[in-house]
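Visitor: For reference, the structure I am asking about is given below.
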Amino acid sequence: MLDEPTNHLDVEGILWLEKLVKSAVFASIFVTHDRYFLENCSTRVAEINRAYPLGLFTAAGNYSKFLEKRSEFLHAQAREQQALENLVQREIEWLRRGAKARTTKSKARIQTALELQEQLVDVSSRNRKGTTTIDFTATGRMSKRLLAAESISKSMGGRLLFENLSFALGPGFTLGVLGANGSGKSTLLRILTGELEPDSGQVKRVEGLRVAWFDQNRDKLDLDQPLRRALAPEGDTILFRDRPQHVAGWAARFLFRQDQLELPLNRLSGGERARVHIARLMLQPADVLLLDEPTNDLDIPTLEVLEDNLSEFPGAIVLVTHDRFLLDRLSKAILAIDGEGGVEFFAELAQWEQANASRRTAAKPAARDAREVNAAPQKKKLTYLEAREWEQIEDRILQAEQVLEEKRRQLEMPEVVSDPTRLTQAAAEIDEAQEEVDRLYARWAELEAKRG
């Protein structure tokens, strides 16, 4: 059972996790907002949402199949609402004509009309969408070169993160940034804001440049502060696009209820705090948005609204995220940082994935060659006991693999799957059998090396 397993993983870590889940012999349930992970790993998708009669909708298949089935269901539900509205309107007109509840037939029809109205209210409330409204404010500056990094380098803790990095940002341009955790992505953003200075090179900014920064650590939020003050620090009114708005209305825009306004931020969920951070960011007119993992803890409907607005933002964006869907949709170019000084630009995520796969493939023979070179001086003749072991080891490997296969078959038996104790024991036995197979293969390689 995996609860948001991709949060705080870098993209390579997510790809590894996807491979693990897809190839596993066990079943898995995962809660995630990572749409590519859903697409690549799911065989059934379930969504908890008040839009459905039972609060839950499921569909077999991956995420795209789920979206298709959900769309069909919601479309049918919308048609049901329209039909109910027409039917209720006719019943209301009948009641207005002065129907008397004297006969059994009239009483039944009045009761039916009331039930239809209740049914309509239920369907209408389910069809009513509650999503966050996100709208960043741009300054409207149209300078072709808002910000430029020129041959910048940075080391932290004695480790070179990147060097000779150059790029320029203009209106309407989104630069996606990829790299393993600790490779220097957040450090790069701090250099762009001016909070840190590069070791060499320089960052040039157009005069009067306004930068809004979404910090993944939410450092600027006082968790003891009530929601009301976090959203409206100066009183009960905020100024958005030169128009005053009451804090209750501003909170509702981000799906907060009025009774939550006095709650301290430490009582809110991670997703709710992320919405607070976005709400504060929206009040800052900006030429450049620096977004450091903005999707952490956000649900998918809020993600979709965030994407729509970011795609329409007229300024420049630097986007650090592990959300591959967001990177694919918004990035005009992708910067990959390896954390060892290397930087590389790619046109799209697929190009980076292809280059990354090629590097891993090229590295495997090199690693094998290195092992062979290191092993060469250590070759010795087999002792008498080792020679006997060599003669028997292939049969032992075959037997161990047969045991492993039998353990895996047992794990799939209904009587084992339905019994938690037996299921746990079977999984442990599979691990032991796999360890024995791995040990025998390692011993076989060791004896093979000594044989020369």
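Numbering-wise (the numbering used here), the sequence shown opens with residue 111 and increments by one.
The C-beta atom is built at its ideal place from N, Cα and C for all residues, glycine as well.
Quick caveat, the model's predicted, so the values are computed rather than measured.
#1: Give me the Cβ distance between E260 and K314, rounded to the nearest whole Å; I'm assuming they're in contact under 8 Å.
#2: Is the beta carbon of H143 sitting closer than 8 Å to the one on T493?
#3: Excluding the five sequence neighbours on either side, which residues of its own chain have a C-beta within less than 7 Å of the C-beta of D402, listed in chain order?
#4: Report the residue from E454, I447, L337 and A389 whose alpha carbon sits nearest the alpha carbon of L349.
#5: Sorted by chain position, which residues of the same chain lie with C-beta nearer than 8 Å to L437's C-beta, five sequence neighbours on each side aside?
#6: Alpha carbon to alpha carbon, how far is G294 from G267? Give it in angstroms, no decimals.
#7: For E347, write down the residues that DSSP places opposite it in a beta bridge.
#8: Please classify V430: does DSSP put it in a helix, a strand, or coil?
#9: Suppose you measure from the CA of D346 to the CA of A188; what does that come to, to the nearest Å?
#10: If you run the structure through DSSP and keep just helix, strand and coil, what is K491?
#11: Quick check: the Cα distance between P374 and V357, rounded to an integer number of angstroms?
#12: Let me know the secondary structure DSSP gives D113 once reduced to three states.
#13: Report the residue from S276, L331, I124 and E203 whose alpha carbon sits nearest the alpha carbon of I447.
#14: Going along the chain, which residues of its own chain have a beta-carbon closer than 6 Å to the beta-carbon of A543, five neighbours each way excluded?
#15: Would a C-beta distance cut-off of 8 Å place D397 and L271 closer than the cut-off?
#16: Would you identify the three-state DSSP class for N406, choosing helix, strand or coil?
#17: Taking Cβ to Cβ, would you say S263 is nearer than 8 Å to G311?
#18: Within the chosen definition, does the stretch 490-509 reach the stretch 537-553 through at least 3 CB pairs nearer than 8 Å?
#19: Between V415 and L341, which are expected to be in contact by the criterion C-beta below 8 Å, what is the C-beta distance as a whole number of angstroms?
#20: Note down, in chain order, each residue of its chain lying with its Cβ closer than 6 Å to the Cβ of Q370, except the 5 sequence neighbours on either side.
Guide: This is what the structure holds:
#1: In the sequence shown, the residue the question calls residue 260 occupies position 150. In the sequence shown, the residue the question calls residue 314 occupies position 204. Contact annotation, E260 with K314: C-beta distance approximately 7 Å; criterion of less than 8 Å satisfied.
#2: Taking the first residue of the sequence shown as 1, we reach residue 143 at position 33. Taking the first residue of the sequence shown as 1, we reach residue 493 at position 383. Going by C-beta atoms, H143 is not nearer than 8 Å to T493.
#3: One-based indexing of the sequence shown puts residue 402 at position 292. S296, L299, F324, D325, Q326 and V430, listed in sequence order.
#4: Counting from 1 along the sequence shown, the entry for residue 349 is found at position 239. Measuring from the Cα of L349, the nearest candidate turns out to be A389.
#5: Position 327 of the sequence shown holds residue 437. The answer, listed in chain order, is G286, L288, L429, T431, I444 and L459.
#6: Working through the sequence shown from its first residue, we reach residue 267 at position 157. Working through the sequence shown from its first residue, we reach residue 294 at position 184. Straight-line Cα distance between these residues: approximately 11 Å.
#7: Taking the first residue of the sequence shown as position 1, residue 347 is located at position 237. Contrary to the premise, residue 347 reads as Thr rather than Glu in this sequence. Bridge partners of T347: H356.
#8: Within the sequence shown, numbered from 1, the residue matching residue 430 stands at position 320. Strand.
#9: Translated into positions along the sequence shown, residue 346 becomes position 236. Translated into positions along the sequence shown, residue 188 becomes position 78. One C-alpha to the other measures close to 38 Å.
#10: The residue given as residue 491 occupies position 381 in the sequence shown. The three-state reading of DSSP puts K491 in coil, since its state is none of H, G, I, E or B.
#11: Numbered from its first residue, the sequence shown carries residue 374 at position 264. Numbered from its first residue, the sequence shown carries residue 357 at position 247. Each residue's Cα considered, the two are about 15 Å apart.
#12: By 1-based counting over the sequence shown, the position of residue 113 is 3. If DSSP states are grouped into helix, strand and coil, D113 belongs with the strands.
#13: Residue 447 sits at position 337 when you count from the first residue of the sequence shown. Nearest C-alpha to I447: S276.
#14: Taking the sequence shown and counting its residues from 1, the one referred to as residue 543 is at position 433. V513, L514 and K517.
#15: On the sequence shown, position 287 is the one that residue 397 refers to. On the sequence shown, position 161 is the one that residue 271 refers to. The criterion of a C-beta distance shorter than 8 Å is not satisfied by D397 and L271.
#16: On the sequence shown, residue 406 is found 296 positions in, with the first residue counted as 1. Reduced to three states, the DSSP call for N406 is coil.
#17: For the purposes of this step, residue 263 is taken as residue 153 along the sequence shown, with counting starting at 1. For the purposes of this step, residue 311 is taken as residue 201 along the sequence shown, with counting starting at 1. Going by C-beta atoms, S263 is nearer than 8 Å to G311.
#18: Put simply, the stretch 490-509 touches the stretch 537-553. At least three CB pairs are less than 8 Å apart.
#19: Here residue 415 refers to the residue found at position 305 when the sequence shown is read from its first residue. Here residue 341 refers to the residue found at position 231 when the sequence shown is read from its first residue. About 18 Å separates the CB atoms of V415 and L341; that is not less than 8 Å, and the two are not in contact.
#20: Here the question's residue 370 lines up with position 260 in the sequence shown. Same-chain partners within the cutoff: L337.
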